[in-house]
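Its first residue numbered 418, the sequence shown is counted upward by one per residue in the working numbering. A short worksheet on the structure shown next.
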Amino acid sequence: MRNKGGNMAQSILVINMMHIGDLLLVTPVLHALRHACPAAKITLLTDRSLRDLVAENKNLDELMLIDKHGADRSLTALLRFIRRVREKHFDLVINLHRNERASAIAAFSGAKRIVGYSKPGFSLLFDKVMQNPSVAHHIGWGPLNLFPPYRYVPGWKHQVHAHLEVLREAAGIEDIDDGGLEIWLPESAEREAAGLWQQKFAPEDQVIAFNIGASWRTKRWIDKYFAETADRLIARGYHIAFFGGPMDLDMVRACVGQMKTGSRDHLHIFTGKLNLAVLAGMLRRCCLMLTTDSGPMHVGVAMNVPIVTMFGASPVPGFYPYDAKDVLIKAPVPCHPCGLHECPHKGEENLACMKKISVDTVMKYIDELLDAFHGQPAYRLPAHPGAYACRVEEA
Numbered sequence: 418m419r420n421k422g423g424n425m426a427q428s429i430l431v432i433n434m435m436h437i438g439d440l441l442l443v444t445p446v447l448h449a450l451r452h453a454c455p456a457a458k459i460t461l462l463t464d465r466s467l468r469d470l471v472a473e474n475k476n477l478d479e480l481m482l483i484d485k486h487g488a489d490r491s492l493t494a495l496l497r498f499i500r501r502v503r504e505k506h507f508d509l510v511i512n513l514h515r516n517e518r519a520s521a522i523a524a525f526s527g528a529k530r531i532v533g534y535s536k537p538g539f540s541l542l543f544d545k546v547m548q549n550p551s552v553a554h555h556i557g558w559g560p561l562n563l564f565p566p567y568r569y570v571p572g573w574k575h576q577v578h579a580h581l582e583v584l585r586e587a588a589g590i591e592d593i594d595d596g597g598l599e600i601w602l603p604e605s606a607e608r609e610a611a612g613l614w615q616q617k618f619a620p621e622d623q624v625i626a627f628n629i630g631a632s633w634r635t636k637r638w639i640d641k642y643f644a645e646t647a648d649r650l651i652a653r654g655y656h657i658a659f660f661g662g663p664m665d666l667d668m669v670r671a672c673v674g675q676m677k678t679g680s681r682d683h684l685h686i687f688t689g690k691l692n693l694a695v696l697a698g699m700l701r702r703c704c705l706m707l708t709t710d711s712g713p714m715h716v717g718v719a720m721n722v723p724i725v726t727m728f729g730a731s732p733v734p735g736f737y738p739y740d741a742k743d744v745l746i747k748a749p750v751p752c753h754p755c756g757l758h759e760c761p762h763k764g765e766e767n768l769a770c771m772k773k774i775s776v777d778t779v780m781k782y783i784d785e786l787l788d789a790f791h792g793q794p795a796y797r798l799p800a801h802p803g804a805y806a807c808r809v810e811e812a
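Next comes the structure, spelled out in structure tokens:
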């Protein structure tokens with residue numbers, strides 16, 4: 418990996434400041450960079466709120482954190498931040514999210530070589546701009562595709578594969594070592610998770626994680642389906658642990674309110690109570706995760722948890738759980754994937770992509786994974802590097 422002068426890059430900045438899942442899908446890039454450039458100083462720029470996910474990443478030498486919703490939100494603050502980046506004198510900047518803020522930081526970083534995704538305008542200062550084939554495109558009409566109506570074209574390549582293609586094509590790395598999604602837990606988070614687990618569960622308890630929230634309504638399975646699934650599993654002796662952030666609390670309450678089980682001894686609600694590192698520490702102790710397409714899904718993948726997930730509006734090729742032991746279920750409806758935040762259909766056809774994934778179908782694959790891995794906690798399951806294409810099943 419050489420800069421403009423032909424010398425090997427000694428200092429590398431990777432930029433991704435988006436959400437939980439987006440950041441975890443960058444961790445294979447960090448692994449591949451460390452493998453290809455063992456002597457380079459590798460820095461990651463990400464959002465301050467996501468620090469717990471990468472603070473202990475063994476492939477990094479340094480973190481740069483931006484408070485994009487707080488102190489660094491204004492244009493003046495952004496310019497000050499860019500000045501900080503320029504003072505680092507990076508040889509190579511790799512931008513892995515195509516939005517204005519990330520594109521601007523990369524474009525004005527002063528690095529010897531700038532590559533990756535970029536918004537138009539900023540791209541003029543990049544040495545190599547790549548398209549991101551994992552994300553959807555909305556193609557309109559007119560010479561610049563600027564006018565509606567738009568045609569939705571879903572992504573056709575997984576986000577990890579798209580990122581690694583940036584390393585090949587733009588950064589010149591030929592030998593790509595894909596280590597999958599990775600999180601190393603801080604000791605304090607592991608201790609907190611271990612203590613909380615011991616407080617809530619007995620050593621023999623088998624715990625199934627439920628993550629029912631998602632950023633879009635069209636990514637969420639039906640509340641009463643989650644409730645019925647939880648009832649069935651509790652009746653068989655499993656413990657159910659609800660996770661998710663504070664924004665998911667109302668959804669979890671609505672779901673739990675529809676459960677019919679009389680005993681709540683096997684029901685545990687951790688929603689909104691855990692930071693990201695402790696969430697990861699709890700998930701690695703679970704024997705299975707039932708989840709939507711969401712950030713916590715990718716945390717579960719990094720923690721080696723067997724996963725059953727339901728995809729509604731989300732394009733499967735771009736963001737499936739990056740692990741071969743996982744199962745993704747989608748309904749064969751003509752509008753899947755739509756990429757819309759709200760379903761435009763009315764009546765029974767509203768959210769048909771999720772309604773047609775039945776509890777019986779989900780239980781079938783839950784049972785398969787519980788049988789295959791004997792209900793063991795995730796931390797006891799062997800690693801399987803290189804096996805990252807999950808099973809995709811139609812409801």
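C-beta: ideal position from N, C-alpha, C; glycine also.
Any Cβ of chain D within less than 8 Å of the Cβ of residue i?
i: residue 754; result: The structure shown contains no chain D; it is built from a single protein chain.
With distances taken Cα to Cα, identify the nearest neighbour of residue i among the options.
i: residue 716; options: 480, 597, 454 and 801; result: 597
i: residue 470; options: 687, 697 and 635; result: 697
i: residue 456; options: 427, 438 and 474; result: 427
i: residue 666; options: 629, 527 and 678; result: 629
i: residue 568; options: 575, 554 and 576; result: 554
i: residue 724; options: 731, 734, 732 and 713; result: 713
i: residue 481; options: 539, 493 and 505; result: 505
i: residue 496; options: 507, 475, 520 and 476; result: 520
i: residue 449; options: 462, 613, 477 and 808; result: 477
i: residue 441; options: 458, 468, 451 and 779; result: 468
i: residue 454; options: 433, 499, 501 and 508; result: 508
i: residue 785; options: 806, 805 and 744; result: 744
i: residue 684; options: 670, 669, 693 and 658; result: 658
i: residue 503; options: 533, 462, 677 and 541; result: 462
i: residue 772; options: 475, 727 and 540; result: 727
i: residue 670; options: 686, 615 and 679; result: 686
Give me the DSSP bridge partner(s) of residue i.
i: residue 463; result: 482
i: residue 509; result: 429 and 530
i: residue 810; result: 746
i: residue 628; result: 708
i: residue 726; result: 708 and 745
i: residue 684; result: 657
i: residue 772; result: Partner(s): none; residue 772 has no beta bridge.
i: residue 546; result: 533
i: residue 458; result: 428
Please return the same chain residues whose Cβ sits closer than 6 Å to the Cβ of residue i, not counting the five positions on each side in sequence.
i: residue 422; result: Bear in mind that the predicted position of residue 422 carries a pLDDT of just 42, short of 50, making it too unreliable to give a figure here.
i: residue 776; result: 642, 645 and 646
i: residue 718; result: 598, 738, 739 and 740
i: residue 435; result: 514
i: residue 479; result: 460
i: residue 691; result: none
i: residue 595; result: 445
i: residue 661; result: 628, 630 and 688
i: residue 510; result: 430, 523, 526, 528 and 531
i: residue 655; result: 623 and 625
i: residue 760; result: 635, 767 and 768
i: residue 458; result: 428 and 478
Where does residue i land, buried or exposed, given buried means 16+ other C-beta within 10 angstroms?
i: residue 803; result: exposed
i: residue 706; result: buried
i: residue 443; result: buried
i: residue 709; result: buried
i: residue 576; result: buried
i: residue 635; result: buried
i: residue 447; result: buried
i: residue 663; result: exposed
i: residue 493; result: exposed
i: residue 711; result: buried
i: residue 612; result: exposed
i: residue 486; result: exposed
i: residue 570; result: exposed
i: residue 754; result: buried
Here's a check: name, in chain order, each residue in its chain whose Cβ is nearer than 7 Å to the Cβ of residue i, leaving out the five neighbours to either side.
i: residue 792; result: 623 and 704
i: residue 675; result: 640, 641 and 644
i: residue 751; result: none
i: residue 488; result: 494
i: residue 757; result: 635 and 730
i: residue 806; result: 741
Rounded C-beta distance between residue i and residue j? I'm assuming under 8 Å.
i: residue 545; j: residue 587; result: 4 Å
i: residue 729; j: residue 770; result: 4 Å
i: residue 620; j: residue 473; result: That pair is no contact at about 27 Å.
i: residue 652; j: residue 746; result: With 8 Å as the limit, residue 652 and residue 746 do not qualify as a contact, their Cβ atoms being about 22 Å apart.
i: residue 550; j: residue 579; result: 5 Å
i: residue 360; j: residue 610; result: Examination of residue 360 is not possible in this model, given that the chain is present from 418 through 812 alone.
i: residue 438; j: residue 572; result: Actually they are not in contact, since the Cβ atoms of residue 438 and residue 572 sit about 14 Å apart, beyond 8 Å.
i: residue 547; j: residue 517; result: Actually they are not in contact, since the Cβ atoms of residue 547 and residue 517 sit about 17 Å apart, beyond 8 Å.
i: residue 677; j: residue 648; result: 5 Å
Less than 8 Å between C-beta atoms, sequence neighbours within five positions excluded: which residues of the same chain meet that for residue i?
i: residue 721; result: 701, 740, 795, 796, 798 and 800
i: residue 585; result: 591 and 593
i: residue 606; result: 469, 692, 694, 695, 697 and 698
i: residue 498; result: 483, 489 and 522
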